[in-house]
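Trainee: Input: one structure, supplied below.
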Amino acid sequence: MLNHEYDLLVERLNKRLGAEKTFFVFADTVAARSFKRHNESHGWLGVRFQSEKRGDPSQIIIHVRMLDEANVDQQEVLGVIGVNLLYGAFYYHEPETLISSL
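Counting with our numbering, you get residues -14 to 87 for the letters of the sequence shown.
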């Protein structure tokens, strides 16, 4: 999904904005807890981003396992992790710092 979305973004915006902006895409796939079954809740979050204008993209993919019982709590946690992942991708260049920020 990241490959497809990133390629579309570059195809559509690179000529007009590539010299001025850096690009990123974010995607997630999550299996939340079911009301009928108590299945394991987990998912994948990923970001592909440029550190410099028209530079080669970097990519971060993480697996999350959610231990919260309520779907609302799972949504909140995913939101926090997603925001921190995007922030860390652009501002934390040491992997240990990025991981501890999540």
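Glycine included, every Cβ here is placed at the ideal spot set by N, Cα and C.
These numbers were taken from a predicted model, which means no experiment stands behind them.
Which residues does DSSP pair with residue -7 in a beta bridge?
Mentor: Translated into the one-based positions of the sequence shown, residue -7 becomes position 8. Answer is none; residue -7 lacks a bridge partner.
Trainee: To the nearest angstrom, report how far apart residue 41 and residue 49 are at their CA atoms.
Mentor: In the sequence shown, residue 41 corresponds to position 56, counting from 1. In the sequence shown, residue 49 corresponds to position 64, counting from 1. Approximately 26 Å between the Cα atoms of the pair.
Trainee: Using the beta-carbon count (16 or more within 10 Å), is residue 75 buried or exposed?
Mentor: Reading the sequence shown from its first residue, position 90 is the one you call residue 75. Its Cβ having fewer than 16 others within 10 Å, residue 75 is exposed.
Trainee: Would you mind working out which of 87, -11, -6, 86 sits nearest residue 39, comparing C-alpha positions?
Mentor: Position 54 of the sequence shown, counting from 1, holds the residue named residue 39. Residue 39 has its Cα closest to that of -6, out of 87, -11, -6, 86.
Trainee: Tell whether a beta-carbon distance below 7 Å holds between residue 87 and residue 66.
Mentor: What you label residue 87 is simply residue 102 of the sequence shown in a count that begins at 1. What you label residue 66 is simply residue 81 of the sequence shown in a count that begins at 1. Cβ distance < 7 Å, so residue 87 and residue 66 count as in contact.
Trainee: Go through its chain and collect everything with a Cβ distance to residue 11's Cβ below 6 Å, but skip five positions before and after it.
Mentor: Numbered from its first residue, the sequence shown carries residue 11 at position 26. If we look at residue 11 and ignore the five residues flanking it on each side, its Cβ neighbours are 32.
Trainee: How many Å lie between residue 70 and residue 79 at the Cα?
Mentor: For this step, residue 70 is matched to residue 85 along the sequence shown. For this step, residue 79 is matched to residue 94 along the sequence shown. Roughly 13 Å separates the two Cα atoms.
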